[in-house]
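Undergrad: Before I ask anything, let me first share the structure, which is written out below as structure tokens.
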Amino acid sequence: MPRFLSAQPDARLITLPWDTPLADWPAEMLVALPRGISRHVVRFVRVGSEVYALKEVLEHLALHEYRLLRDLVRIDIPSVEANGVVLSRFDPDGEPLDPVLITKHLQFSLPYRSLFSRGVRQDTVNRLVDAMVVLLARLHLSGFLWGDVSLSNTLFRRDAGSFAAYLVDAETGELHESLSDGQREHDLSIARTNLFGEFCDLEAGGLLDQSLEPLILVETIENRYRELWGELTGVEEFDGSEMHRIESRVRRLNALGFDVAELDITTDFAGSTIRIQPKVVDAGHHSRRLLRLTGLDTEENQARRLLNDLDYYRARTDQQNADEAVVAHQWLTQLFEPVVSSVPPGMRAKLEPAEFYHEVLEHRWYSSERAGREIDVHDAAQSYISTVLHQLPDEALAVSTEDTLAGLANPFDPSMGFADADDGQPYDPWEDGDEAPAAGAEPAEDFLDIAALRARTDKPTLRS
Ligand SMILES: Nc1ncnc2c1ncn2[C@@H]1O[C@H](COP(=O)(O)OP(=O)(O)OP(=O)(O)O)[C@@H](O)[C@H]1O
Ligand SMILES: [Mg+2]
564 MPRFLSAQPD ARLITLPWDT PLADWPAEML VALPRGISRH VVRFVRVGSE VYALKEVLEH
624 LALHEYRLLR DLVRIDIPSV EANGVVLSRF DPDGEPLDPV LITKHLQFSL PYRSLFSRGV
684 RQDTVNRLVD AMVVLLARLH LSGFLWGDVS LSNTLFRRDA GSFAAYLVDA ETGELHESLS
744 DGQREHDLSI ARTNLFGEFC DLEAGGLLDQ SLEPLILVET IENRYRELWG ELTGVEEFDG
804 SEMHRIESRV RRLNALGFDV AELDITTDFA GSTIRIQPKV VDAGHHSRRL LRLTGLDTEE
864 NQARRLLNDL DYYRARTDQQ NADEAVVAHQ WLTQLFEPVV SSVPPGMRAK LEPAEFYHEV
924 LEHRWYSSER AGREIDVHDA AQSYISTVLH QLPDEALAVS TEDTLAGLAN PFDPSMGFAD
984 ADDGQPYDPW EDGDEAPAAG AEPAEDFLDI AALRARTDKP TLRS
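Quick note: this note's numbering has the sequence shown finishing at residue 1027, numbered continuously throughout.
Given below as structure tokens:
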């Protein structure tokens, strides 16, 4: 009998065919979803309404990754959530099978290969890069040494037009009290190597915008990481007459989405030189505030956007002096909830509620500009649903099937190559330039790029 190690056991998992190697599980149990390539056998299974990712891996690695993922969630790092490990597996002949690490499928997550599968624009790539840099800095602030920084080990979720990055593979990770500069440099050098390889793959497949160079992208990531790290942790020294710089530093950190829990301020004897250094900074400045006011749990940029809308609502309803929590409740029940629940049930898997609301705000802005008057948010929602939303693919379970999975030898496993590849020759399907559209080929309709889609829809008609 297999043994389950789990803090929150899901009884429906117990009856799965654990005596069968994961690679041989019957197709009717599996869900074909786009994902990164992997060394291990990874499969998605659906039990009830939940989808889990299963990874067959050596016992000490499974246990290590399970514990580390639980720690990451505890310290509030965006990562996939470990559900358990299945140990002591044997096949019907009594031969031992490797344990399986179970994680919850991260809803609305986009593996980078499906983001790039149709070619993405330069500013989208910049946003992906930014998300990756913030994730790495947050991990390092928490003392987490990743050891295998790569796009394949990162998942992206939409965040008010930008992206939020999540860690998906913690196998090589180590959690320390804090990291030395040498340890951070180690992670950065791994990031350089892995990301350069991944960007080159994309380039060879004609999926990287021609204006983007792998080497420059990698350098950008490194530079932005260093800038962010400097802002988050650097010492600042100034003259006693420039006390406002303390507040400026805190504001800059807030603008980057971080809260300062401890700021170390020292002065020399005469009090003429001030030295400040943030000691503890926590990510999620805006999302924590929104959660406190409304109970909505969103990504950071989404929270920023919704808080701005809340401020706007407060001004428009002339409630500047009213209690913030009361106004937030009105905003939630009069605007946010009705707008979000106006999405027809069949379209709810397309975008997360907060992302939908952000999109409606954008749409309203464009429509109001065009109309020369303010469009009501509820009308904007209706118009967004009928002109843009219905064209988008479902994203609750990543971007589904046909496009990103077409031609794979095994729709459940991109690591196994394309159907017409040489038999028995394992290779990375995405590396094969011949299989992918030729570089410079016209990218197909860019359905993942909501901004582009919206821009087309929002374009004023030529008729005056
Ligand atoms: N919980 C999850 N939610 C969504 N996608 C997931 C989840 N777990 C795994 N994946 C997908 O499966 C892919 C492979 O998983 P993972 O990186 O853990 O495997 P691996 O064999 O350890 O990889 P590596 O070759 O880097 O060691 C990921 O790139 C990701 O796209
Ligand atoms: Mg991996």
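Even for Gly, the Cβ is constructed at its ideal location relative to N, Cα and C.
Please read all numbers here as calculations on a predicted model, not as lab measurements.
What does DSSP give as the partner residues of Asp-750 in its beta bridges?
TA: DSSP, once it has assigned bridges, lists no residue as partnering Asp-750.
Undergrad: If I measure Cβ to Cβ from Glu-737 and keep anything under 6 Å in the same chain, skipping five residues before and after, which residues do I get?
TA: Cβ neighbours of Glu-737 beyond the five flanking positions: Leu-708.
Undergrad: Kindly indicate which three-state DSSP category Val-951 falls into: helix, strand or coil?
TA: Three-state result, Val-951: coil.
Undergrad: Is Phe-832 buried or exposed, if buried means 16 or more other CB atoms sit within 10 Å of its CB?
TA: Exposed is the call here.
Undergrad: Quick check: what's the CA-CA separation for Gly-724 versus Asn-864?
TA: Roughly 8 Å between the two C-alpha positions.
Undergrad: Which residues in the same chain have their Cβ closer than 6 Å to the Cβ of Ile-948, if we skip the five residues on either side of it in sequence?
TA: No residues qualify anywhere along the chain.
Undergrad: What do you reckon, is the C-beta of Asn-757 under 7 Å from a heavy atom of ligand 1?
TA: No - ligand 1 has no heavy atom lying nearer than 7 Å to the Cβ of Asn-757.
Undergrad: Could you tell me whether any non-hydrogen atom of ligand 1 is closer than 7 Å to the CB of Ala-616?
TA: True, at least one ligand heavy atom lies under 7 Å from that Cβ.
Undergrad: Helix, strand or coil, according to DSSP, for Leu-873 in the structure here?
TA: Three-state result, Leu-873: helix.
Undergrad: Using the three-state DSSP reduction, which class does Thr-583 fall into: helix, strand or coil?
TA: Reduced to three states, the DSSP call for Thr-583 is coil.
Undergrad: Comparing the CB of Gly-710 with every heavy atom of ligand 1, is any distance shorter than 7 Å?
TA: Not under cutoff, so the answer is no.
Undergrad: If you draw a straight line from the C-alpha of Asp-827 to the C-alpha of Leu-816, how long is it?
TA: Going by the C-alpha atoms only, they are around 14 Å apart.
Undergrad: Which value, in whole angstroms, describes the spacing of the CA atoms of His-603 and Leu-631?
TA: The straight-line gap from Cα to Cα measures roughly 18 Å.
Undergrad: What does the alpha-carbon distance come out to for the pair Gln-670 and Leu-718?
TA: Distance between the alpha carbons of Gln-670 and Leu-718: 10 Å.
Undergrad: Assess, as a yes-or-no matter, whether the region 676–692 is touched by the region 630–646 under the definition of 3 or more beta carbon pairs within less than 8 Å.
TA: Verdict: no, contact absent.
Undergrad: In the DSSP assignment, what residue or residues form a beta bridge with Glu-799?
TA: Paired residues: Ile-839.
Undergrad: Count the other CB atoms, across all protein chains shown, that sit within 10 Å of the CB of Ile-779; report buried if there are 16 or more and exposed otherwise.
TA: Ile-779 should be labelled exposed.
Undergrad: Is Pro-549 close to ligand 1? I mean its beta-carbon at under 7 Å from any heavy atom of the ligand.
TA: With the chain covering only 564 through 1027, there is no way to say anything about residue 549.
Undergrad: Does the distance between the C-beta of Gly-599 and the nearest non-hydrogen atom of ligand 1 fall short of 7 Å?
TA: Checking the Cβ of Gly-599 against ligand 1 gives yes.
Undergrad: Excluding sequence positions up to five away, which residues of its chain have a Cβ less than 6 Å from the Cβ of Gly-599?
TA: Pro-674 and Ser-715, listed in sequence order.
Undergrad: Write down the C-beta distance between Ala-891 and Thr-861 rounded to the nearest angstrom, noting that I regard them as a contact closer than 8 Å.
TA: So it is not a contact: roughly 14 Å between Cβ atoms.
Undergrad: Should Ser-715 be counted as a contact of ligand 2 given a C-beta to heavy atom distance under 7 Å?
TA: Result yes, Cβ under 7 Å from ligand 2.
Undergrad: With a threshold of 8 Å on Cβ separation, who are the neighbours of Arg-808 within its own chain once the five nearest residues in sequence on each side are excluded?
TA: Excluding residues within five positions, the ones whose Cβ falls inside 8 Å are Glu-799, Phe-801, Ile-837 and Ile-839.
Undergrad: Quick check on DSSP: helix, strand or coil for Ser-905?
TA: Ser-905 falls in the coil class under three-state DSSP.
Undergrad: Is DSSP giving Glu-591 helix, strand or coil here?
TA: Helix at Glu-591.
Undergrad: According to the neighbour-count rule (16 or more other Cβ atoms, all chains shown, within 10 Å of its Cβ), is His-921 buried or exposed?
TA: His-921 should be labelled buried.
Undergrad: Assign Tyr-629 to buried or exposed, taking buried as 16 or more other Cβ atoms, counted over all protein chains shown, within 10 Å of its Cβ.
TA: Counting Cβ neighbours within 10 Å, Tyr-629 comes out buried, since at least 16 surround it.
Undergrad: If Ile-753 sits next to Gly-710, beta carbons under 8 Å apart, how far is it from one beta carbon to the other, in whole angstroms?
TA: Confirmed, Cβ separation roughly 7 Å.
Undergrad: Near Phe-762, what residues of its chain come up, given a Cβ to Cβ distance below 6 Å and the 5 sequence neighbours on each side ignored?
TA: Excluding residues within five positions, the ones whose Cβ falls inside 6 Å are Pro-777 and Leu-780.
Undergrad: Which residues does DSSP list as the beta-bridge partners of Phe-899?
TA: According to DSSP, Phe-899 bridges with nothing at all.
Undergrad: Name the DSSP bridge partner or partners of Asp-845?
TA: Beta-bridge pairing links Asp-845 to Asp-822.
Undergrad: Just to confirm before moving on: does the CB-CB distance between Leu-765 and Tyr-788 stay below 8 Å?
TA: No, the Cβ-Cβ distance between Leu-765 and Tyr-788 is not below 8 Å.
Undergrad: Measuring alpha carbon to alpha carbon, tell me which residue in Glu-810, Gly-803, Val-712 and Glu-734 is nearest Gly-760.
TA: Comparing Cα-Cα distances from Gly-760 to each of Glu-810, Gly-803, Val-712 and Glu-734, the minimum goes to Val-712.
Undergrad: Could you check the C-alpha separation between Asp-935 and Asn-871 for me, to the nearest Å?
TA: A quick correction: the sequence has Gly, not Asp, at residue 935. Cα to Cα, the separation comes out at about 22 Å.
Undergrad: Compute the beta-carbon to beta-carbon distance between Val-620 and Asp-661, rounded to the nearest angstrom, for a pair I have assumed lies under 8 Å.
TA: So it is a contact: roughly 6 Å between Cβ atoms.
Undergrad: Put Met-564 into one of helix, strand or coil per three-state DSSP.
TA: Met-564: coil per DSSP, three-state reduction.
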